[in-house]
Amino acid sequence: MKLQNAATGALAPKFQQGYANICQYMKTIKLYGWESVFVHEIGLGKAEYVTPPLVWLAKFAMSALNSSLSEIAASLAIISQLHPDSSLSYVELTIILSSMSSLVAFTRSLGSISDQLNYIAETEAVFKQIVGAQKVNYIVRKTAAKDTAVKMKDVEFSWGKDKFSIRSSALEIKQGEFVAIVGKVGCGKSSIVSALCGEMPLVKGEACIFGGIGYVSQKPWIMNATFRENVLLGSEYDEKRYNQIIEACALVEDLAQMPAGDMSEIGHAGINLSGGQKTRLALARAIYMEADVFIFDDLLSAVDAHVERHLVEHVLVGNGLLADKTRILVTHAEHVVPLCDKVITVEHGDILATVQTKISYNGIPVQDLASSAKSTEAGAKPFVQETKPAKSSEFTVAPELDVPAFNRKTLWKYITLSGYANVAAAIVLQFVFSYCFYYVENLRMEIVKGAGTELMASALKRYLVAHAAVAIMRHQISSVSKLINSRLWSDRVDIKMTNMIVKALLYTPLPVFERMSKGTLDNLMHYDVMLASLHLPPVFCYRVYELFNAFNSLLLVIRTTPILLISLIPLLFIMRLISKRQANAQEVIIKLAQGGGSLKRESVLQEILAGKDVMRAHDKVDHYIGKLVEASAKAAILESNSMRIATLKLRIEEAVIEVLHICILAYCYCARLNNPHSFGPGNVDMMMRLSGSTLTKLSSLSFSDIGITVCLPSLSRFFVYTEQLEQEAPHEIKETQPSASWPAQGAIEFRGYSMRYRSELDTVLDQLSFTVNGKEKVGIVGRTGAGKSSLTYALLRLVEPAAGSIFIDSIDISTIGLRALRSNISIVPQDPVLFEGTIRDNLDPKHEYTDAQVWEAIEKARIGHLLTTPTGAFDSSVQPSGTSLVGNPIGKWIAGVGLDKWVTLNGANFSVGERQLLSLCRALLWQRAILIMDEATANIDSATDQIMQAVIREQFKDKTVLTIAHRLNTVMSCDRILVMDAGKVQEFDSPSELLSRDSQFSRLVESMKFNEKTIE
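For the sequence shown, position 340 (counting from the first letter as 1) is numbered 340 according to our numbering, and the numbering increases by one without interruption.
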């Protein structure tokens, strides 16, 4: 067992994390053209997860020997007590055989003690971890105080031993203060937020927060639910207050564009919302919680300039909804800092200074800044429409695929996938395995027939020796059979099916994939593949084994007591009828379970885990645990009903066997009255044993149908999804493969280009026609929903055009393979992603560059300082039993630096700004002719932004650069500005020319004038 755990324990997470990355970061994978990388890595992870053959062989050989020892010991014990020439009566024979059965059962029970002790040790280790987690201290929450909101004294918060920590000698925030937390990228601002929300353990000192918390995280957590449900988060609906919050958060226009208003479904992780919409939804949720202290982690980075002004005026200051509340804002927006009452500066985890500020806006006190701001009047007409019948409110749907009933064609596909030799070997071994039982049972029948003769003792000895020998052979055959099922068959099918479904998902168009619910994906990857690959082979072998067993039992009946067939035939008919009814009921239960039972439970659990920090901050844990309990109860009821049906069938069959035994005894009694020599005790025992054994084996044969019934729908669905799921355009087209030097200039031309995300939706890009010259620097601006990010989808063909075409260096990109296109365009995305692994794996997953080239890119990006200290991550697979993973974990620490520095799950050991810098480093390494910067500077401070812009100007001076930005100062140095509105090009000219006239761009710049504040 230890050998097996060592072989598989650390490898299982590799496959699981690869699948999680596909679900969570599919857009990033497609933007970088890394589909083949993930197909390879997941396949490799699955193959490594498979236990080596020698390990399986050793495991099964030991198990077989352990299982046969009990029967060998029982046989030897009885043989040692027999005299070779003694005769045995039927009663003595019965006692001996019964004693043998008891000895076998007793020795097997002794053998299971070690397993029970292992289970007890594992349970103890789990409880110790739970207790260890409960002993960790966090910031103390108290009821709201009159004067103080946050108070800390001589505190240190830390993520664990030798990990990042936050320190402060004294910090006090008064009720109603507006506080800004500022600092460079990676200094610890978000860690302070985690400490305030009770997520970061308190190592020493005293820390209290007074009152409830309203929290907006840097990456907003969005549920797969309606827009309104995301805002309410389980709270009661107050229409007046809800409408007021929606308007204050600038969501009115966004809801008007949704198909069913606030009742529209939001996809998993807010996949159908823009970054700004996610942030404002999370803000609306936090305000609705009616908290006392509001904590905003980089609230303003993802919104447009005019939306930023709206949020500041209607939420944060003046007459804003939270003007009288305590507001703690982590921000890189320096123009907002003067509006605050207090500024906290952070550097390397130390809170260095607290500066009081007093400001005015063009001579107007801050308190009057938003006096002219309009708020929703009492009793105003609700603007949030609950339904729009003309359009569907659903976003996540299951693909409309035709899943037929199971047929022979599907079975043949599965056998081909399994390998003909594996299936044939399994059938032959099951035949030999069942024949061993037949042989031993036949010997027993012969002994029972000859009970009372002088040669009985020697015959019994031969039987016992044969029984022990057959036991050894039977268990070894069982081991080989399990090896074939688990290693050669199940593992082979598991790897192949996983690769097939991963390829089908990775090459699905992004709009189709984004609409697939998390439950559907989990069902495919975990439930269907697991049943078809890991469950079906042993179930199939069990079915074959029971078939041979039933045949052998009937053969024994025909050879020894054919008269039993008269009573068995009608009973078999009754049992078949019961089994058929049970199979129908089981099929219904399976459909119910797949529709809303255990899968719903897993979906709710994943939702809770993803948003646990938000739920804890808003004190909504109990509400969602209630949802989990409800979903679990539904799944438990379905599973319980399934077990009850199986138990009922078993009880009925036991009753049938008992009735048959009574009939046999009555028949034998009547026959013996007429003829005293017709039926002896041995004959009666043989008839009862054969009848019970035959019925039991036939019952097991019908019971094995249930396992097949469970697996077959999953098998059919798997082949349908892998064969019918819509696929992207070809990733490789040899006939139109561009040259290795393409694109040389990076010239981009849109010709009457239109695009829509789905056929039933309106166009998001409408008849675009413009040209970007080679090596030109173009800034792309516009309000939320203008179509800026849709240009990225168009250029990388994440969505195919509805009309028109795009040319890059005079080549129509729709005529070349997707791999050739995406591998020749660099992008720094709005949501930077780092995958678990080393820095080198993240920068060069295909290993196409040397270490020297990677280091050169790191130096150009000026991020070498991020790689000088080890991550402090640890390998949980070698965590000692009974130690806690929380606070100060003990384990194998990953101490790499430089290119070997470890990136933890979801890049959590790097701030969002640092992840953006590492994404820029990727572009510097690849040096492609076209670079797209999609809000690449949104999460970094102004000083780092200036460094980043300098790097781009220097390193990409001979490349075409498209910069999508909310910060207008970011694009002021571009050669031309492309202004988008409603999916159309409104303006395209140089910044100086657009500012010199009454243009849409100049009005966007004008909307930022509120940032020009004077500090008294």
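We put the beta carbon where it would ideally sit given N, CA and C, even for glycine.
Backbone CA spacing between residue i and residue j [nearest angstrom]
| i | j | result |
| --- | --- | --- |
| Ile863 | Leu917 | 7 Å |
| Thr815 | Val330 | 47 Å |
| Leu255 | Tyr119 | 53 Å |
| Val903 | Lys612 | 22 Å |
| Ser158 | Leu866 | 19 Å |
| Ala12 | Thr771 | In this prediction, Ala12 has a pLDDT of 48, which is less than 50 and means its spatial position is unreliable; nothing more can be read from the coordinates. |
| Ala1023 | Gly782 | As shown, the chain starts at 1 and ends at 1016. That puts residue 1023 outside it, with no answer to give. |
| Phe38 | Gly18 | 7 Å |
| Leu321 | Leu978 | 35 Å |
| Ile415 | Leu488 | 13 Å |
| Thr123 | Lys163 | 29 Å |
| Gly234 | Pro738 | 54 Å |
| Trp855 | Gln955 | 15 Å |
| Asn824 | Ser769 | 22 Å |
| Asp298 | His526 | 36 Å |
| Leu796 | Ser911 | 27 Å |
| Tyr215 | Leu311 | 16 Å |
Cβ-heavy atom distance, residue i to the ligand FAD, below 6 Å
| i | result |
| --- | --- |
| Gln767 | Ligands in the displayed structure: none, and consequently the ligand FAD is not present. |
Per-residue DSSP class, three states only, for residue i
| i | result |
| --- | --- |
| Gly837 | strand |
| Leu725 | coil |
| Asp958 | coil |
| Arg492 | helix |
| Ile130 | helix |
| Ala260 | coil |
| Val614 | helix |
| Trp159 | coil |
| Trp902 | strand |
| Gly452 | Here Gly452 scores only 49 on pLDDT, less than 50, and its place in the model is too uncertain to base an answer on. |
| Tyr753 | strand |
| Thr354 | strand |
| Ile977 | strand |
| Lys30 | helix |
Close Cβ partners of residue i (< 8 Å) along its chain, the five nearest in sequence each way excluded
| i | result |
| --- | --- |
| His535 | Gly707, Val710 and Cys711 |
| Leu352 | Thr345 and Val346 |
Opening and closing residue of the beta strand (DSSP E) in which residue i lies
| i | result |
| --- | --- |
| Phe210 | Leu202 to Phe210 |
| Asp522 | Not the beta strand (DSSP E): Asp522 falls in the alpha helix (DSSP H), residues Lys518 to Asp522. |
| Leu417 | Not the beta strand (DSSP E): Leu417 falls in the alpha helix (DSSP H), residues Arg408 to Ser418. |
| Ser826 | Ile825 to Val828 |
| Lys182 | A small correction: the amino acid at residue 182 is Val; Lys does not occupy that position in the sequence shown. Element bounds for Val182: Phe178 to Val182. |
| Glu347 | Lys342 to Glu347 |
Neighbourhood of residue i by C-beta, 6 Å cutoff - its chain only, sequence neighbours within 5 removed
| i | result |
| --- | --- |
| Gly907 | Leu834 and Arg915 |
| Ile328 | Val179 and Ile295 |
| Ala936 | Val828 and Gln916 |
| Gln830 | Gly275, Asp934 and Glu935 |
| Ala170 | Lys153 |
| Ser999 | Glu987 |
| Gly211 | Ala144, Asp292 and Val293 |
Residues of its chain near residue i, where Cβ-Cβ distance is below 7 Å and the 5 sequence neighbours each way are ignored
| i | result |
| --- | --- |
| Lys189 | Ile181, Gly183, Val330 and Val346 |
| Cys921 | Leu843, Ala857, Ile858, Ala861 and Ile863 |
| Tyr1034 | The displayed coordinates of the chain run from 1 to 1016. Any statement about residue 1034 would go beyond what the structure contains. |
| Gly379 | In this predicted model, Gly379 has a pLDDT of only 37, less than 50, meaning its place in the structure is not dependable enough to derive any value. |
| Lys518 | Cys23, Asn224, His268, Ser603 and Gln606 |
| Ala504 | Tyr721, Thr722 and Leu725 |
| Pro845 | Trp34 and Val37 |
| Asp1017 | Outside the displayed range of the chain (1 to 1016) lies residue 1017, so it cannot be described from this structure. |
| Met964 | A quick correction: the sequence has Ile, not Met, at residue 964. Cβ within range, chain order: Ile780, Lys788, Ser789, Met933, Asp934 and Glu935. |
Opening and closing residue of the alpha helix (DSSP H) in which residue i lies
| i | result |
| --- | --- |
| Phe513 | Leu510 to Arg515 |
| Lys860 | Asp851 to Ala861 |
Cβ pair count under 8 Å reaching 3, the segment 978 to 994 against the segment 810 to 818:
no
Do the segment 219 to 237 and the segment 274 to 292 make contact, defined as three or more Cβ pairs closer than 8 Å?
Note that the segment 219 to 237 touches the segment 274 to 292; at least 3 beta-carbon pairs, one per stretch, sit closer than 8 Å.
Under 8 Å: do the segment 188 to 206 and the segment 142 to 155 share three or more Cβ pairs, one atom per stretch?
yes
Sufficient close CB pairs (3 or more, under 8 Å) joining the segment 734 to 754 to the segment 923 to 936
Using a C-beta cut-off of 8 Å, the segment 734 to 754 makes contact with the segment 923 to 936, since at least three inter-stretch Cβ pairs fall below that distance.
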